[in-house]
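Colleague: The structure under discussion is supplied below as structure tokens; questions concerning it will follow.
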Amino acid sequence: MATIPDHPSLARIPPGYRQKLSPKAIELIAKVYDWVENECIPADHIVKAQLEQNRWAMPPYIRALREKAKAAGLFNLFLPNHFKESPGLTILEYSCCCEILGRVYWAPMTLNCHAPETGNIELLAKYGTEKQKEKWMKPLLDGEWSSAYSMTEPDVAASDATNISCRIRREGNEYVINGRKLYGNSLANEDVKFYILMGCSDPDNADPWKRHSTVIVPRDAPGLKMVRYMTIMGFDCAPEGHGEYVYENVRIPVENIILGEGRAFEIAQGRLGPGRIHHCMRLLGQGERAYEHALIRATDTRKKPRGKLIGEFDSNIERIADMRMELDALRLVVLNAAETMDLMGNVAGRYAIAQAKVMVPIGVAKVIDECMQLLGGQGLTQHTFLPEAWTYARFVRIADGPDAAHRHQVGRDQLKTAAQARLKHLGYKKRHHQLAKAWDMPVTELFEYVERIEKL
Ligand SMILES: Cc1cc2nc3c(=O)[nH]c(=O)nc-3n(C[C@H](O)[C@H](O)[C@H](O)COP(=O)(O)OP(=O)(O)OC[C@H]3O[C@@H](n4cnc5c(N)ncnc54)[C@H](O)[C@@H]3O)c2cc1C
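So the sequence shown is numbered by UniProt numbering: it starts at 1 and just counts up by one.
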């Protein structure tokens with residue numbers, strides 16, 4: 001029998017996937033595990049207390065950990081191994097790190113593996129010129145700066161990004177930008193140095209997929225103003241935050257365009273695949289931590305309704321089982337998406353990515369919701385991390401595209417396979433006729449549905 005790598009960090013990774021991890025990945029995954037167990041989970045309340053002192057600056061504890069992580073070779077693990085700047089993990093291997101990091105909402109930041117940095121760095125690594133990489137990407141990779149991604153707008157349906165209307169107009173050696181944007185990390189955080197903005201540069205182009213461009217806007221560009229902070233279900237998401245922004249005649253040099261005019265959709269496609277998988281794996285980490293709270297509560301001898309542990313009620317035993325099975329099944333979905341991207345690329349992997357993006361946030365939110373229920377009133381308070389974990393799972397149903405839009409895409413692609421199914425069933429009918437004749441049996445009426453197919 002094959003030797004399967006074993007370590008607490010790999011406990012939930014199915015043996016088939018564990019076998020695919022390189023020795024280097026196994027070592028890094030174990031380091032990330034120790035990091036989160038020792039430096040992050042026990043420090044959750046320290047970070048929250050530091051944030052109370054200053055909402056919009058990275059807490060000193062996280063800053064210190066980032067320095068330590070750089071020295072330990074744990075920075076930027078997310079960047080897949082086909083980039084020359086990569087520390088060398090595949091998407092599958094990083095996904096295993098990502099689940100562990102997800103156990104604490106801010107832990108990815110300690111390794112420079114948090115959104116939107118990951119997506120923005122990958123975007124610049126993939127599509128930026130050498131000059132752009134040096135100027136904008138390097139400080140992100142070094143952890144000196146932070147950045148934001150700005151696509152969504154308040155007045156259009158952004159899930160269909162062909163609607164994006166923020167205008168990018170060329171004037172001589174500059175682009176002039178006018179419009180309004182929602183989301184994108186808050187300017188209140190001084191670390192945010194630039195926005196990667198998607199806007200409409202050629203509204204009259206006959207091809208709606210070539211009307212948009214992606215540009216880099218420095219935070220101090222005159223005319224860029226944050227008009228309000230935005231909360232997500234009551235959370236301010238400090239220290240990063242979200243805002244609503246107005247762009248009024250904002251001027252940037254033409255060299256700030258990424259890849260070229262009209263190429264925003266190429267970029268968006270490349271950027272979003274891995275980011276979606278990262279969210280899903282992080283959510284599994286949140287789900288696993290929530291589940292541990294539920295296990296502890298289910299066996300807490302101090303709290304016995306009707307004289308029994310709550311884990312002694314059959315309904316709760318089943319709940320515990322269902323949550324375990326749900327988390328393990330969802331992990332398979334995400335690992336499959338990660339491996340598909342490694343083997344076939346982001347575009348070919350789009351069904352597997354969409355499958356994870358639709359199923360995981362819904363499934364994990366359901367698990368966390370059940371955990372809250374098992375914990376009773378305390379589950380809804382700051383006594384546990386469950387409210388923030390549930391909020392995270394809930395918002396991923398919308399961030400990076402609402403699940404309806406992903407379902408739409410999957411459904412449309414699936415309907416394109418109908419012609420193949422039709423052909424196959426016509427083949428069954430033909431073969432049935434041959435077999436009926438050979439065995440001197442009557443032809444069944446049950447193949448009538450194929451008649452209807454033929455008439456379509
Ligand atoms: C926490 C958080 C962080 C975010 N961060 C960023 C960021 O950094 N940068 C950024 O640019 N944006 C960000 N977003 C915005 C997010 O990407 C958009 O909200 C999302 O893409 C949906 O766009 P919309 O809000 O315009 O909704 P719409 O496009 O208006 O969609 C609204 C609803 O319409 C329905 N719908 C849409 N399409 C279909 C369909 N095909 N079939 C059936 N029903 C459909 C769905 O119910 C959908 O939820 C963030 C959002 C959240 C919640």
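We put the CB at the ideal spot given by N, CA and C, even for glycine.
So is the beta-carbon of ILE121 under 7 Å away from any non-hydrogen atom of ligand 1?
Modeller: ILE121 Cβ: outside cutoff for every heavy atom of ligand 1.
Colleague: Looking at the secondary structure, which residues open and close the alpha helix (DSSP H) in which ARG350 lies?
Modeller: Per DSSP, ARG350 belongs to the alpha helix (DSSP H) from 350-375.
Colleague: Please give the ranges of any alpha helix (DSSP H) in the segment 25-88, keeping only runs that are unbroken, at least 4 residues long and fully inside the region.
Modeller: Counting whole runs of 4 or more residues, the segment 25-88 contains the alpha helix (DSSP H) stretches 44-53, 60-71.
Colleague: What did DSSP end up calling ALA148 once you bin it into helix, strand or coil?
Modeller: Strand.
Colleague: Given this structure, state the Cα-to-Cα distance separating LEU111 from LYS303, to the nearest angstrom.
Modeller: Straight-line Cα distance between these residues: approximately 39 Å.
Colleague: Assign ASN54 to buried or exposed, taking buried as 16 or more other Cβ atoms, counted over all protein chains shown, within 10 Å of its Cβ.
Modeller: Classification for ASN54: exposed.
Colleague: Please list, in chain order, all residues of the same chain as residue 501 whose beta carbon is under 8 Å from its beta carbon, the five residues on each side excluded.
Modeller: It is not possible to answer for residue 501, since the shown part of the chain is limited to 1 through 456.
Colleague: Just to check, is the beta-carbon of ALA329 closer than 7 Å to a non-hydrogen atom of ligand 1?
Modeller: No, since every heavy atom of ligand 1 falls outside the 7 Å radius drawn around the Cβ of ALA329.
Colleague: Taking just the CA atoms, how far does ASP440 sit from GLN420?
Modeller: One C-alpha to the other measures close to 30 Å.
Colleague: To the nearest angstrom, how far is it from the Cα of GLU339 to the Cα of ALA436?
Modeller: So the two alpha carbons sit approximately 45 Å from each other.
Colleague: So which of TYR183, GLN414, ASP369, GLU312 has the shortest CA-CA distance to ASP155?
Modeller: Here the closest residue by C-alpha is TYR183.
Colleague: Kindly indicate which three-state DSSP category GLU244 falls into: helix, strand or coil?
Modeller: Of the three classes helix, strand and coil, the one that applies to GLU244 here is strand, per DSSP.
Colleague: Report whether the distance from the Cβ of PRO222 to the nearest heavy atom of ligand 1 is below 7 Å.
Modeller: No, the Cβ of PRO222 stays beyond 7 Å of every heavy atom of ligand 1.
Colleague: Pull up the CB-CB distance for PRO14 and LEU423, whole angstroms please, since I reckon it's below 8 Å.
Modeller: The Cβ separation is near 35 Å, so there is no contact.
Colleague: In three-state DSSP terms, what is VAL333?
Modeller: DSSP places VAL333 in helix when its eight states are reduced to three.
Colleague: Checking 8 Å against the spacing of the C-beta atoms, do ASP200 and ILE252 come in under that value?
Modeller: The sequence shown places Cys at residue 200, rather than the Asp named in the question. Not in contact: CYS200 and ILE252 (Cβ atoms no closer than 8 Å).
Colleague: DSSP beta-bridge partners for PHE385?
Modeller: According to DSSP, PHE385 bridges with nothing at all.
Colleague: Can you grab the Cα-Cα spacing for the pair TRP209 / PHE313, in whole Å?
Modeller: For TRP209 and PHE313, the distance between alpha carbons rounds to 56 Å.
Colleague: Can you give the Cα-Cα distance for VAL226 and ARG306, rounded to whole angstroms?
Modeller: Inspection of the sequence shows that residue 226 is occupied by Met rather than by Val. Approximately 55 Å, taken between the alpha carbons.
Colleague: Pick from MET341, ASP342, ALA298, LEU141: whose alpha carbon is nearest that of ALA321?
Modeller: The residue with the shortest Cα to Cα distance from ALA321 is ALA298.
Colleague: The alpha helix (DSSP H) that contains PRO108, what's its start and end?
Modeller: 107-110 is the span of the alpha helix (DSSP H), which, as asked, contains PRO108.
Colleague: Threshold first: 3 residues or longer. Then list the beta strand (DSSP E) segments lying entirely within the UniProt domain "Acyl-CoA oxidase/dehydrogenase middle" (148-250), N to C.
Modeller: Here the runs fully enclosed are 167-171, 174-185, 192-200, 212-218, 224-230.
Colleague: Could you check what DSSP says for ILE13 in three-state terms: helix, strand or coil?
Modeller: Coil, per DSSP.
Colleague: Residues in its own chain within less than 6 Å of GLY376 by CB, not counting five upstream and five downstream?
Modeller: Taken in chain order, the list of residues that qualify is empty.
Colleague: Which residue's Cα is closest to the Cα of LYS429: TYR245, GLU445, LEU51, VAL410?
Modeller: Of the listed residues, the one whose Cα sits closest to LYS429 is GLU445.
Colleague: Looking at the structure shown, is ILE4 part of a helix, part of a strand, or coil, going by DSSP?
Modeller: Coil, per DSSP.
Colleague: Take the Cβ of GLU130 as the centre, count every other Cβ of all protein chains shown within 10 Å, and call the residue buried at 16 or more, exposed below.
Modeller: By the 10 Å Cβ count, GLU130 comes out exposed.
Colleague: Could you pull out every residue in the same chain whose Cβ sits closer than 6 Å to the Cβ of LEU197, ignoring the five residues on either side in sequence?
Modeller: Taken in chain order, the residues that qualify are SER150, VAL215, VAL217.
Colleague: Looking at PHE265 and ligand 1, is the gap between the Cβ and the nearest heavy atom below 7 Å?
Modeller: No, the Cβ of PHE265 stays beyond 7 Å of every heavy atom of ligand 1.
Colleague: Please determine, among ASP142, GLY102, ARG263, the residue with the shortest C-alpha to C-alpha distance to GLY73.
Modeller: Among ASP142, GLY102, ARG263, the Cα nearest to that of GLY73 is on ASP142.
Colleague: I'd like to know whether the C-beta atoms of PHE75 and ALA69 end up nearer to each other than 8 Å.
Modeller: For PHE75 and ALA69, yes; Cβs fall inside 8 Å.
Colleague: Buried or exposed, going by whether 16 or more other CB atoms sit within 10 Å of the CB of ARG350?
Modeller: Per the 10 Å Cβ criterion, buried.
Colleague: Go ahead and pull the three-state DSSP assignment for PRO402.
Modeller: DSSP places PRO402 in coil when its eight states are reduced to three.
Colleague: If you follow the alpha helix (DSSP H) that ILE310 is part of, which residue opens it and which one closes it?
Modeller: Here ILE310 belongs to no alpha helix (DSSP H), and DSSP marks it neither H nor E.
Colleague: If you draw a straight line from the alpha carbon of TYR449 to that of GLN286, how long is it in whole angstroms?
Modeller: Cα to Cα, TYR449 sits roughly 48 Å from GLN286.
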